[in-house]
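What follows is a short report on a single structure.
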Amino acid sequence: MVPDPTRRAALARLALFLPGAGSAYASGRNFDPGPGRSDAVSRLAPYVRHRLVTEEEVVAAVLTQHGFAPARKFIQEVCWRTYWKGWLELRPTVWRRYLAERDAAQAVTAGGAALAEAEEGRTGIDAFDAWVRELAETGYLHNHARMWFASIWIFTLRLPWTLGADFFLRHLIDADAASNTLSWRWVAGLQTPGKTYLARPDNITRYTQGRFTPRGLAMEAPTLIEPPAGSAGTLVPLEAPDPAVPSLLLVHHEDLCAESALPSDIALRGVLAAFDPALLWGEAARRFVGPAMDDAAVRAGEHFGRVVIRADRLEAGALITAAEAVGARQIVTPYAPVGPVADALAALAPVLAEKGIALRSVRRRWDSGLWPNARRGFFAFDAEIEGHLRAEGLL
Ligand SMILES: Cc1cc2nc3c(=O)[nH]c(=O)nc-3n(C[C@H](O)[C@H](O)[C@H](O)COP(=O)(O)OP(=O)(O)OC[C@H]3O[C@@H](n4cnc5c(N)ncnc54)[C@H](O)[C@@H]3O)c2cc1C
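Numbering (the numbering used here), first residue to last: 47 to 441.
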């Protein structure tokens, strides 16, 4: 079932979860009792992924309720999303390499029986086959199940990790370039070289509370090898929007809370809500994001008191027509992290410039402050979180 795709539902979900964000989360988060059963996790991912609610808002609410130390584990998990995004921002070639390797693996493996058995949940490994069905039916898997799934895909079924990552992207409602690609790489031993994740039957039995005891799983997880990913770069420098220039706000599905992303001094003439299904990978995400975009468009229109124009493609013609309709010479949009929306915007900028329309992206302070810390492993990043929260007045 698709979660209610509105900010109101996101905030209600957060409020309902908040009492459990302290010790209950820390002790219970690894248990996956199965679909439809009560568990200790928040299920906020589709909302945070598309920023119907932001990481900063979630962390601020948790701090108010629990303080830092008691909610340390939950805050850390929320910040894994920030870390993965930052890590990929600093190394965008890793995303391009993933796409190229996925396409190459598809050319070799597509049509093969092993891939079809895995994708259709016919491997004979009871747990794995059940997760395939759960993913297809709900668009969600518990984090621990995602780890076991990826490990079995890579080390037991010996299928290319890029095709497993692609399978997740096509079925998860929260499908995300950074969290998905880098988590699969982490399981495969590419993210932390030499350190792989092996799914063990006793661990699965314990944390599924006896639902599964899979047989025939790989006993070892030899690390995959690849050419070095290269050292971390820096964040793409952004030119600030000119507050004096009449502007159009572009809302896209990487940030569906544009009203809190933009500086307040922009001379906005209108809002363009562009939902482009081709920039998502699967139907589950499209079913969520389509109405979530409607919700975001209405909120932005009301917040800025401006007319809302809709587009079903993120392409130059729609942007130029909308900008001209409201007399805008500048399009301002929340920053899109590495992925298809960012690629689309990068391709659009020169076409708009030819028409005398500047495209300006605005990065949130949360991202500008934390992403540069994702140069190394998570623990170095984690060490900076408390300082950032203090600097932002959240602690
Ligand atoms: C192989 C694999 C693939 C994954 N693919 C995706 C993906 O495409 N999109 C996606 O959003 N997450 C992905 N994750 C991360 C994680 O599994 C989900 O974000 C989490 O399960 C969402 O459930 P929740 O909201 O109940 O999480 P909770 O445990 O309640 O965590 C709260 C929030 O913290 C963030 N979070 C928690 N764990 C992680 C994590 N390991 N990495 C990043 N953020 C995290 C999410 O925003 C989540 O909503 C993947 C993990 C693995 C192991």
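For every residue, glycine included, the Cβ atom is placed at its ideal position computed from N, Cα and C.
Apart from sequence neighbours up to five positions away, the residues of its chain that approach Ala72 with a beta-carbon distance below 6 Å are Lys119, ordered along the chain. Here Thr367 is not near His298, since their CB atoms are 8 Å or more apart. Counting every other CB atom within 10 Å of its CB across the protein chains shown gives Gln255 a total below 16, marking it as exposed. The Cβ-Cβ distance between Thr128 and Glu103 does not fall below 8 Å.
When distances are taken from the beta-carbon of Phe214 to the heavy atoms of ligand 1, the shortest one is below 7 Å. Look at Pro380 here: in three-state DSSP terms it is strand. Ala72 is not bridged by DSSP to any residue. Sequence-distant partners of His190 (beyond 5 residues in either direction) whose C-beta falls short of 6 Å from its own C-beta, in its chain, are Asn76, Asp78, Tyr253.
Take the alpha-carbon of Asp340 and the one of Ala319: they are about 8 Å apart. Residue pairing of Ser407 in beta bridges, as defined by DSSP: Thr379. For the pair Ala364 and Ser414, the Cα-to-Cα distance works out to about 29 Å. Taking 4 residues as the minimum length, the alpha helix (DSSP H) runs contained wholly in the region 181-244 are 189-197, 207-217, 223-234, in order along the chain. Counting every other CB atom within 10 Å of its CB across the protein chains shown gives Glu400 a total below 16, marking it as exposed. In this structure, Leu295 places its C-beta atom within 8 Å of the C-beta atom of Leu308. Contact annotation: Ala346 and Ala304 have beta-carbon atoms nearer than 8 Å.
In this structure, DSSP gives Ala374 a state outside helix and strand, which the three-state scheme calls coil. If you draw a straight line from the Cα of Leu281 to the Cα of Asp389, it is about 15 Å long.
Take Ala56, set aside five residues on each side of it, and the residues of its chain with a beta-carbon closer than 6 Å to its own are Tyr93, Leu98, Val99, in chain order. Across the structure, Arg216 and Pro49 are spaced so that their CA atoms are roughly 17 Å apart. For Ala320, the uninterrupted beta strand (DSSP E) run begins and ends at 314-320, by DSSP.
Shortest gap from the CB of Val99 to any heavy atom of ligand 1: 7 Å or more.
DSSP links Val353 through a beta bridge to Gly316.
Sequence-distant Cβ neighbours of Lys131 in its own chain, meaning closer than 6 Å and more than five residues away, are Ala224, Pro383. Taking every protein chain shown into account, the CB of Glu266 has fewer than 16 other CB atoms within 10 angstroms, so this residue is exposed.
Partner residues in a beta bridge of Val48, as assigned by DSSP, do not exist. The C-alpha of Leu134 is placed about 30 Å away from the C-alpha of Ala162.
Here the alpha carbons of Asn226 and Ala211 stand approximately 7 Å from one another.
Going by DSSP, Val154 is part of no beta strand (DSSP E) but of the alpha helix (DSSP H) stretching over 139-155.
Between Ala164 and Trp199 a beta carbon distance of about 6 Å is seen, short of the 8 Å cut, so the two are scored as contacting.
In its chain, beyond the 5 residues on either side, Ala56, Arg59, Leu60, Phe63, Val99, Val104 have a beta carbon closer than 8 Å to the beta carbon of Leu90.
A contact between stretches requires three or more CB pairs, one per stretch, nearer than 8 Å, and the region 352-361 meets this requirement with the region 318-333.
Judged by their CB atoms, Gln122 and Leu209 are not nearer to each other than the 8 Å cut-off. In the DSSP annotation of this structure, the continuous segment of the beta strand (DSSP E) that includes Leu294 starts and ends at 293-297. Taking Ala182 as the centre and dropping the five residues before and after it, the same chain places the C-beta of His217 closer than 7 Å to its C-beta, in chain order. In the structure shown, His96 adopts coil according to DSSP, grouped into three states. Within the model, the alpha-carbon separation for Glu180 versus Ala313 is close to 47 Å.
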